[in-house]
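Worksheet for the structure shown next.
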Amino acid sequence: MWSNVWNDSLSKEWQFNTTVALIEWIDDLERDRMPSLILNSLITNTTLHSKDWRLKNVTSAELVELMQWSDLLLFDYLTGNYDRVASMQDAALKQNNTTILKETIHNLVKSTKTNSIWMIDNESGFLDAYWLMYSQKNGNESKFFQDFHDSVLNTNCIFRRSTVEHLRLLRSHPNPNKLLIDFIVQYEPTFKRQLSLIKTDYLRYFTQYFRQRIDRVFNHFDNCKVITSVTH
0 MWSNVWNDSL
10 SKEWQFNTTV
20 ALIEWIDDLE
30 RDRMPSLILN
40 SLITNTTLHS
50 KDWRLKNVTS
60 AELVELMQWS
70 DLLLFDYLTG
80 NYDRVASMQD
90 AALKQNNTTI
100 LKETIHNLVK
110 STKTNSIWMI
120 DNESGFLDAY
130 WLMYSQKNGN
140 ESKFFQDFHD
150 SVLNTNCIFR
160 RSTVEHLRLL
170 RSHPNPNKLL
180 IDFIVQYEPT
190 FKRQLSLIKT
200 DYLRYFTQYF
210 RQRIDRVFNH
220 FDNCKVITSV
230 TH
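According to numbering that gives the first Met the number 0, the sequence shown holds residues 0 to 231 in order.
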């Protein structure tokens, strides 16, 4: 098998000593859409919470899907991913067409066997995403993508307890951005080599704003408590 891969790579004239990604193939995956509960909250600028009337007839399968999506929204907010929900928000804004948000989501698939969601192609986030959101060189686009992430975060107040506790540990760390970089280096040794190729600005914006975005998530958690307490 590998001899075929080698011959194929030679025919494509790939350069030697280039980092490539080997991705596990997973059967029975299909494109996925945003859950109707979150989509409704996004379009109507409302927040889904534990006492929300919209949860009255929700099924167990829909609740499991919602929990997975709540993790996804937090993950994309903290990494700043701009090529999943945010890119579709960008298209909806530019085309003045919110129906785009009803289409299958970029870089997201779901198992037809287990209904587990898989986030793929996450390179459009993390370091370069922080540069996109916070560099003045990007003009209005920076604010647009910050607003996209904020609006999606605000759609939901239902989270896994374990996720919140893990984020609490991350927040308590004296240097969470370094913790995350060290974690990547530990599990992806080639990342050290990639760091030398990453623009200094990318690391600078991530270092400067990562804790701020963690704090923003916890401010949202606090707002969720208020929303739930005043809702009857």
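Virtual Cβ for every residue (Gly too), placed ideally from N, Cα, C.
{"query": "CB of Asp75 within 7 Å of CB of Arg83, strictly", "result": "yes"}
{"query": "Collapsed DSSP secondary structure at Thr98 in the structure displayed", "result": "helix"}
{"query": "Residue burial classification, Gln88 (beta-carbon count within 10 angstroms, cutoff 16)", "result": "buried"}
{"query": "For Glu12 and Phe223, the rounded distance between their alpha carbons", "result": "Inspection of the sequence shows that residue 223 is occupied by Cys rather than by Phe. Approximately 54 Å between the Cα atoms of the pair."}
{"query": "Residues of its chain near Pro175, where Cβ-Cβ distance is below 7 Å and the 5 sequence neighbours each way are ignored", "result": "Leu169, Phe209, Arg210 and Ile213"}
{"query": "Identity of the residue in Thr103, Leu166 and Asp149 nearest Met33 by Cα", "result": "Thr103"}
{"query": "Leu54, enclosing alpha helix (DSSP H) - first and last residue", "result": "Counting along the chain, Leu54 falls outside any alpha helix (DSSP H), and DSSP gives it neither H nor E."}
{"query": "Val276 to Thr199 span [Cα, whole Å]", "result": "Here the chain covers residues 0 to 231 and nothing more, so residue 276 does not appear."}
{"query": "Euclidean distance between Cα positions of Leu166 and Ile116", "result": "20 Å"}
{"query": "Alpha carbon of Ile25 to alpha carbon of Ser110, nearest angstrom", "result": "9 Å"}
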